[in-house]
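Asks:
Number of protein chains: 4
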Amino acid sequence: MDFKASKSIYQQIAESICDRIISENLQPGDRIESVRDMAAKMGVNQNTILKTYTDLQQVGVIENQRGIGYFVSETSKQIIFNQRKKEFYDDILPEFLKQASLIRLTKEDILPFLNTLNQTIS
Amino acid sequence: MDFKASKSIYQQIAESICDRIISENLQPGDRIESVRDMAAKMGVNQNTILKTYTDLQQVGVIENQRGIGYFVSETSKQIIFNQRKKEFYDDILPEFLKQASLIRLTKEDILPFLNTLNQTIS
Amino acid sequence: MDFKASKSIYQQIAESICDRIISENLQPGDRIESVRDMAAKMGVNQNTILKTYTDLQQVGVIENQRGIGYFVSETSKQIIFNQRKKEFYDDILPEFLKQASLIRLTKEDILPFLNTLNQTIS
Amino acid sequence: MDFKASKSIYQQIAESICDRIISENLQPGDRIESVRDMAAKMGVNQNTILKTYTDLQQVGVIENQRGIGYFVSETSKQIIFNQRKKEFYDDILPEFLKQASLIRLTKEDILPFLNTLNQTIS
DNA sequence: GTGGTCTAGACCACC
DNA sequence: GTGGTCTAGACCACA
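Chains as they are written, first to last, in the working numbering: chain A, 1 to 122; chain B, 123 to 244; chain C, 245 to 366; chain D, 367 to 488.
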């Protein structure tokens with residue numbers, strides 16, 4: 001994982017964790033890497049990871065068991081789903097349509113790209 | 123215009139100016155609002171507008187005639203078009219597809235939204 | 245302000261800010277000290293203050309205007325009031341009664357202490 | 367027993383044991399659960415219970431007979447009583463009054479709650 | 001071992 | 001000037 005400039009590191013890591021949960025590579029109840037381990041794995045400072053984890057905890061995606069570690073919450077998938085859906089319909093889709101329109105794209109221009117969506121997810 | 127947290131103010135203003143140019147509400151040769159006027163209109167600091175204008179000037183979208191003001195350049199439309207296209211295919215479209223896929227949307231879910239694209243633009 | 249061991253510094257500072265708001269020494273719309281100034285004033289690190297401020301922002305007590313500073317939100321008083329009330333009736337009062345009961349205190353033992361409550365607040 | 371975030375687990379368990387002693391459900395001379403049993407009963411690590419017991423032993427509330435177990439000391443009730451009284455007048459009562467004052471409660475608001483104190487304790 | 005707090009200091013984008 | 005990110009490292013309480 002290499003960090004592009006656009007988003008802060010701790011946000012990118014949070015997003016990648018959410019991606020793992022929503023794509024079911026990480027299940028509710030699973031323990032996630034300890035702060036130290038994740039920091040080493042990602043090559044960043046422990047504080048950066050801690051920021052990621054406390055942020056995710058605050059929205060209810062992960063939970064902390066004192067002295068043991070962070071665990072994926074039971075409600076995590078639903079929380080992420082709702083948040084992503086809202087973001088998609090409120091921000092991403094409108095922006096997508098606006099930009100497509102401004103560069104004069106038609107429905108037919110876009111259609112081919114949508115075919116990737118109907119593939120079954122491994 | 124109210125400013126979202128995601129993008130910086132000067133960028134949002136720059137984008138809105140580009141939008142006006144690309145949708146032909148602002149023509150090459152037109153003079154744009156003075157720094158002072160724009161700042162008042164937007165309710166922001168003049169330095170912020172100055173940053174917007176110098177950025178737009180640097181990419182060749184507007185030109186400065188000293189003591190007179192800023193003017194939309196002849197090449198502005200083409201410049202914006204190219205930049206927007208690149209941005210669309212490099213960033214917006216891939217992100218759009220990724221997010222749509224993660225929330226399990228299918229081609230059929232998206233299709234209805236694309237109909238707005240084929241309407242003639244006012 | 246000297247920091248006792250029981251609560252973390254950033255929480256104590258957050259609490260003191262909330263106290264100032266709820267006792268109306270700090271009004272909605274007021275700008276609070278900059279991160280640097282508050283850090284200097286309190287004799288702590290800037291990061292500690294930043295933690296305080298972002299926490300308060302997250303619950304909606306203060307708001308951030310980019311590049312300018314943090315401001316007391318319009319809803320701050322109500323938010324703090326609700327939170328304090330909940331805390332009082334859910335935690336403080338029951339604990340108070342439980343402990344008073346365990347050390348065999350009667351209504352008459354407590355009564356005198358309550359007289360301080362009916363004084364007008366300056 | 368479920369553990370709130372505010373206090374550490376070993377402290378909460380210690381407190382619950384003291385509660386049992388002070389309310390005379392546990393008498394001087396009684397043997398308390400073994401570390402192993404208590405850990406199982408509470409669903410926590412044995413080290414946590416050990417910490418609880420050694421702490422209680424240090425203040426003289428329980429005593430250890432090597433190879434046999436932990437026993438409630440003769441002086442336990444008095445020790446707990448004194449400590450609780452100090453805590454009540456130094457911490458709980460002042461905090462109680464401060465918070466009650468900040469949310470604008472009057473003597474009359476509090477009075478009804480005090481009636482529970484004069485009931486004979488079972 | 002676990003998370004959490006705090007410091008000191010650097011560096012950044014933004015207003 | 002403002003906030004915000006990140007690092008390196010120390011130290012702590014807790015399980």
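Every residue, glycine too, gets a C-beta built ideally from N, C-alpha and C. Every value quoted in this text rests on a predicted model; they were computed, and no experiment measured them.
Quick one: Cα of C:VAL305 to Cα of C:THR298, how far?
Replies: Cα-Cα distance, rounded: 10 Å.
Asks: Checking the sheet assignment: what are the DSSP bridge partners for C:ASN269?
Replies: DSSP output for C:ASN269 lists no bridge partner at all.
Asks: Please state whether DSSP places D:ILE476 in a helix, a strand or coil.
Replies: Here D:ILE476 sits in helix by DSSP.
Asks: What is the rounded straight-line gap between the Cα of D:GLN465 and the Cα of A:LEU50?
Replies: Rounded to the nearest angstrom, the two C-alpha atoms are 32 Å apart.
Asks: Taking the straight line between their C-alpha atoms, what separation do you get for A:GLN58 and C:ALA258?
Replies: If I take the Cα positions, the gap works out to 17 Å.
Asks: Closest Cβ-Cβ distance between B:GLU185 and chain A: below 8 Å?
Replies: No, B:GLU185 does not count as interfacial toward chain A.
Asks: Measuring CA to CA, which of B:ILE139, B:ASP124, B:ILE131 is closest to B:SER195?
Replies: Answer by Cα proximity: B:ILE139.
Asks: Is it buried or exposed for A:SER8, if we count other Cβ within 10 angstroms and need 16 for buried?
Replies: Exposed: under 16 other Cβ atoms inside 10 Å.
Asks: Can you pull the chain C neighbours of D:THR482, defined as C-beta to C-beta under 7 Å?
Replies: Those are LEU341, listed as they occur along chain C.
Asks: Please list the terminal residues of the continuous beta strand (DSSP E) segment that includes B:ASN237.
Replies: From DSSP, B:ASN237 is part of no beta strand (DSSP E); its letter is neither H nor E.
Asks: Considering only residues of the same chain and omitting the five flanking positions on each side of B:GLY191, which have a CB-CB separation below 8 Å?
Replies: Hits under 8 Å: ARG153, ILE154, SER156.
Asks: State buried or exposed for D:SER389, treating a residue as buried only when at least 16 other CB atoms are found within 10 Å of its CB.
Replies: D:SER389 should be labelled exposed.
Asks: Give the C-beta separation of D:LEU468 and C:ARG328 to the nearest angstrom, bearing in mind that I take them to be a contact with Cβ-Cβ under 8 Å.
Replies: At roughly 6 Å, the Cβ-Cβ gap stays under 8 Å, so D:LEU468 and C:ARG328 are in contact.
Asks: Could you tell me which residues DSSP puts in a beta bridge with D:GLY435?
Replies: In DSSP, D:GLY435 forms a bridge with D:GLN431.
Asks: Please report the straight-line C-alpha distance between B:ILE243 and A:ILE92, rounded to a whole angstrom.
Replies: For B:ILE243, the predicted structure reports a pLDDT of 49, less than 50, and the residue's modelled location is therefore unreliable. The matter cannot be settled from this model.
Asks: Are the C-beta atoms of C:LYS351 and some chain D residue less than 8 Å apart?
Replies: Answer yes: the Cβ-Cβ gap between C:LYS351 and chain D drops below 8 Å somewhere.
Asks: DSSP state of C:ARG264, grouped into three classes?
Replies: In the structure shown, C:ARG264 sits in a helix (DSSP, three-state: H, G or I).
Asks: For a cutoff of 8 Å on Cβ pairs, would you count D:ILE487 as touching chain C?
Replies: For D:ILE487, the predicted model reports a pLDDT of 49, less than 50, meaning its position is unreliable and no value from the coordinates is stated.
Asks: So, helix, strand or coil for C:ARG348, using DSSP?
Replies: Correct three-state label for C:ARG348: coil.
Asks: In the DSSP assignment, what are the bridge partners of D:ARG397?
Replies: D:ARG397 pairs with D:PHE437.
Asks: What separation, rounded to the nearest whole angstrom, lies between the Cα atoms of A:PHE3 and C:LEU358?
Replies: Using only the alpha carbons, I get a separation of about 59 Å.
Asks: Any idea what DSSP makes of B:ASN167, helix, strand or coil?
Replies: DSSP places B:ASN167 in coil when its eight states are reduced to three.
Asks: For A:ARG84, which residues in chain B fall below 9 Å Cβ to Cβ?
Replies: Those are GLN221, LEU224, ILE225, listed as they occur along chain B.
Asks: According to the neighbour-count rule (16 or more other Cβ atoms, all chains shown, within 10 Å of its Cβ), is C:SER320 buried or exposed?
Replies: With 16 or more other Cβ atoms within 10 Å, it is buried.
Asks: So which residues on chain D does C:ILE266 lean against when the C-beta distance must stay under 7 Å?
Replies: Result: LEU468.
Asks: Following the continuous alpha helix (DSSP H) through A:SER76, name the residue where it begins and the one where it ends.
Replies: First-last of the alpha helix (DSSP H) with A:SER76: 76–87.
Asks: By how many angstroms is the C-alpha of C:MET286 removed from the C-alpha of A:GLY43?
Replies: Cα to Cα, A:GLY43 sits roughly 34 Å from C:MET286.
Asks: Can you tell me whether A:PHE3 is helix, strand or coil according to DSSP?
Replies: Note: A:PHE3 maps to coil in three-state DSSP.
Asks: In angstroms, rounded to a whole number, what distance separates the CA positions of C:GLN309 and C:GLY273?
Replies: If you take the alpha carbons of C:GLN309 and C:GLY273, they lie about 11 Å apart.
Asks: How about C:ILE257: is its C-beta nearer than 8 Å to some C-beta of chain D?
Replies: C:ILE257 does not count as touching chain D.
Asks: Using the Cβ count rule (16 or more neighbours within 10 Å means buried), how would you classify D:GLN406?
Replies: It should be pointed out that residue 406 of chain D corresponds to Ala in this sequence rather than to Gln. Exposed.
Asks: For B:THR238, does the count of other Cβ atoms within 10 angstroms reach 16, so buried, or fall short, so exposed?
Replies: Counting Cβ neighbours within 10 Å, B:THR238 comes out exposed, since fewer than 16 surround it.
Asks: List the residues of chain B whose Cβ lies closer than 9 Å to the Cβ of A:ILE17, in chain order.
Replies: Under the 9 Å cutoff, chain B gives no residues; its nearest Cβ is about 13 Å from A:ILE17.
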